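Numbering (my numbering), first residue to last: 9 to 647.
Even for Gly, the Cβ is constructed at its ideal location relative to N, Cα and C.
What you are looking at is a predicted structure, and each value in this text was computed from that prediction instead of being measured.
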Amino acid sequence: MLGGILSLTLLAIAPSIAAEKSKKTIPTKESRISAFEITEGDRTFIELREAAKRNDVARSQTLAASLSNYPYDDYVAYFRIKPQLFDSAGGARADSNADSQVMSFLNQYQGTALADRMRNDWLLVLGKRKDWARFEVEYPKFVLDDDTQVKCYALQSKLAQGENPSKVGIDARAILLDPRYFGQACQELVPDLVSAGGMTQSEAKAVGRAASEMGFDTMSRRIGGDDPIADIVKGAKADPARAYRDFLQNASRYSRENQALAWGVIGQFLAKKLDPNADDAYRLQQELGFNELLSAEGQEWKVRAGLRAKDWTLVKNAIEGMKPVVRSKDPAWTYWYARALKVDGQNEKARESLEFIADQYNFYGQLAREDLGKSNQIPARTKVSETEIEAMSNRKGFIRGERLYTMNLRFEGNREWNWELRSMSDKQLLASAEYAKRIGLYDRVVNTADRTKQEHDFSLRYPTPYRDELSPIAKQIDLNLAWAYGLIRQESRLIMNASSSVGASGLMQVMPNTAKYVAKKIGMTSYTNEKLTDTNTNLTLGSNYLNMVLVDLDGSWVLASAAYNAGPSRSKSWREKLTSPTEGAIFAETIPFNETRTYVKNVLANATYYSSVMHGQSQSLKQRLGVITPKVASASELP
């Protein structure tokens with residue numbers, strides 16, 4: 009994505025299903041796909057969906073009434089009922105009088121993806137009401153169970169029914185990690201736990217402080233009350249360097265616990281600025297203790313501060329002090345712990361840690377295999393039969409999903425598709441991925457093939473549509489084709505009509521201003537913004553820009569990938585703050601922007617696998633990462 013950090017959410021995507029149909033060998037679907045044309049009823053349905061998103065009860069009721077014979081009766085009913093459950097701000101309404109409608113819907117459409125979505129909504133209403141009897145009946149039926157607020161209401165229910173507060177507190181600590189998803193339920197849960205004796209006041213303040221670190225100050229006070237280091241948190245967010253200097257002078261005024269927590273907060277925000285004093289702040293915190301009271305963000309950035317400073321003792325101590333749920337959610341911490349153990353001379357324990365993640369097909373799984381001296385060769389391909397693929401073409405969720413994709417309703421289409429994947433065997437997943445490939449749903453190809461555990465087909469995980477268009481472009485400018493595909497897979501999931509919320513378009517998610525700049529540079533005199541959705545134009549401009557940033561950044565794929573996502577000036581500034589040559593993996597892990605950090609790791613891991621798929625040979629991720637050397641600031645005209 010170009011011109012700044014962009015949302016990866018894809019909007020207004022309409023897969024060119026009809027265009028791809030000529031390639032498939034499943035004739036029974038031709039007539040169905042050709043019938044997928046937008047009707048007047050579809051337009052009303054789309055309008056109903058938008059009214060439901062706004063929780064506009066009156067408009068939803070009117071539109072739903074006009075769709076009495078619409079084939080997607082479950083969605084019409086859902087979009088009619090859902091606005092009655094939530095207010096205009098999106099909060100659950102305890103006074104909703106739609107109970108009978110909800111129960112009728114759940115009974116009529118039980119076992120479907122949409123019924124599970126309705127149950128999710130209904131549980132939020134029941135939790136808001138504190139109707140724990142009905143909540144306990146419905147909660148075990150919530151299949152996905154992926155809503156943090158619902159989980160917090162479930163724990164409130166346990167407290168209300170007299171369950172041991174200490175046990176509830178243990179469950180709560182595993183949930184209360186990301187304040188962005190707390191909502192009202194989790195804000196209520198923490199004070200309730202403190203009152204019941206299931207959580208200490210210090211722990212409650214730690215949860216509140218995590219919210220304050222993310223800018224949710226009102227939430228912070230609701231959860232933990234007044235925080236003795238609230239001013240330090242505020243100062244660290246605004247100017248961490250100044251906060252560091254000031255606290256060196258004033259630390260003795262605070263208790264040992266608050267000194268430790270203040271250093272942890274200051275260290276986090278220094279680390280996000282790539283300030284070398286972050287290592288010192290975190291070492292002061294480490295000496296004082298209280299690791300468990302640092303936020304998840306604070307614990308993770310403690311490791312990154314140690315990595316950036318090459319302080320392997322801090323890296324080791326930081327990972328050992330992580331909450332188990334934080335440590336286990338990302339293979340990064342297993343990998344870097346192994347590296348710290350190796351520096352400490354504990355080679356056998358280091359090897360055990362690497363072996364633990366070496367079977368994972370991700371960035372750190374690849375690095376672990378290389379550290380163990382193993383090959384990064386892709387696994388043997390499992391083939392599926394035409395009969396198995398044909399069986400997938402008749403699955404109800406896929407048929408519904410295709411229809412919803414045609415109406416640009418990707419959120420609903422993905423829900424139907426993914427629901428169908430539940431409990432599938434690896435071979436069924438591969439057959440589903442192959443079917444998605446044949447009808448041109450390339451994001452579903454990747455998403456579905458990525459789910460296999462034992463049997464794999466990496467040509468589906470890393471597909472290469474548009475190769476006839478991209479290969480000559482890449483060859484002309486000597487751009488590595490595997491890297492270009494690795495970037496496209498991350499940018500758009502190979503969907504040509506992808507567009508972002510800030511205007512990036514196409515396979516390579518090119519911003520209009522960047523496109524104009526590149527078109528001028530390469531002599532594309534006939535370019536207009538309307539042409540950005542053309543496949544060849546998009547690939548030409550995106551590939552040339554990628555090559556430009558690569559040249560501008562001395563051939564570093566790490567720096568160039570970061571520049572493509574966050575802009576060349578940011579990538580350069582992160583490099584300028586290096587004090588010594590740094591291995592590419594450490595540079596990537598310490599990128600301050602969450603999206604760009606994930607982006608760079610995924611693009612380079614993708615590129616390694618794409619190269620293996622294309623050439624049939626094992627590839628080295630470490631070679632692609634290389635070593636990043638410091639460099640002084642330089643002007644650049646690249647956007």
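Between Asn505 and Glu378, the alpha-carbon positions lie close to 37 Å from each other. Beta-carbon to beta-carbon, Ala439 and Ala457 are separated by about 10 Å, too far to satisfy the 8 Å threshold. Of the other Cβ atoms in all chains shown, 16 or more fall within 10 Å of the Cβ of Ser619; this residue is therefore buried. The beta-carbon separation of Met519 and Asn546, rounded to 12 Å, does not stay under the 8 Å limit for a contact. Residue environment for Gln631: exposed (fewer than 16 other C-beta atoms within 10 angstroms of its C-beta). The DSSP-derived three-state label of Val510 is coil. Segment contact: the segment 199-206 against the segment 164-181, three or more CB-CB distances shorter than 8 Å; contact assigned.
Taken through DSSP and simplified to helix, strand or coil, Val151 comes out as coil. By the neighbour-count definition (other C-beta atoms within 10 Å, threshold 16), Asn555 is a buried residue. Going by DSSP, Gln374 is part of the alpha helix (DSSP H) stretching over Phe371 to Asp379. Here Gln498 has Tyr607, Asn610, Val611 and Asn614 as same chain residues with Cβ atoms under 7 Å from its own Cβ, once five neighbours each way along the sequence are excluded. Counting the other CB atoms within 10 Å of its CB gives Ala326 a total of 16 or more, which places it among the buried residues. In this structure, Asp129 and Leu152 do not form a Cβ contact; the two beta carbons are roughly 12 Å apart against a cut-off of 8 Å. In terms of Cβ geometry, Tyr572 and Leu495 form a close pair [threshold 8 Å]. Phe601 sits in coil when the DSSP states are folded into three classes, being neither helix nor strand. The bridge partners DSSP lists for Thr156 come to none. If you ignore the 5 residues before and after Pro473, its C-beta comes within less than 7 Å of the C-beta of Tyr450 and Leu502, all in its own chain and listed in chain order.
The alpha-carbon separation between Arg127 and Ala121 amounts to approximately 10 Å. Here Asp103 is exposed, its C-beta having fewer than 16 other C-beta atoms within 10 Å.
Counted as a single uninterrupted DSSP element, the alpha helix (DSSP H) harbouring Gly494 occupies residues Leu489 to Ser500. Residue range Glu394 to Ser401 is occupied by the alpha helix (DSSP H) that includes Met400. Under the 10 Å beta carbon count, Pro248 is surrounded by 16 or more other beta carbons and is classified as buried. Secondary structure note for Lys404: its alpha helix (DSSP H) is the uninterrupted segment Lys404 to Thr414. Burial is judged here by how many other beta carbons sit within 10 angstroms of a residue's own beta carbon; Lys136 has at least 16 and is buried.
Rounded to the nearest whole angstrom, the C-alpha separation of Arg423 and Asp254 is 51 Å.
Judged by beta-carbon spacing, Ala289 lies within the 8 Å limit of Gly275, meaning their Cβ atoms are closer than that value.
Here Val158 is buried. Its C-beta has 16 or more other C-beta atoms within 10 Å. Between the alpha carbons of Lys175 and Tyr189 lies a gap of roughly 22 Å.
Leu278 is positioned such that its CB atom lies no closer than 8 Å to that of Ala268. In this structure Ile240 is buried. Its beta-carbon is surrounded by 16 or more other beta-carbon atoms within 10 angstroms. Straight across, the Cα-Cα distance linking Gly405 with Asn426 is about 8 Å. Secondary structure of Ile636 (DSSP, three-state): strand. Boundaries for Asn77: no alpha helix (DSSP H) harbours it, and the DSSP string shows neither H nor E there. For Ala180, DSSP assigns no beta-bridge partner whatsoever. In this structure, DSSP gives Thr616 a helical state, which the three-state scheme calls helix. Take the alpha-carbon of Thr414 and the one of Glu45: they are about 8 Å apart.
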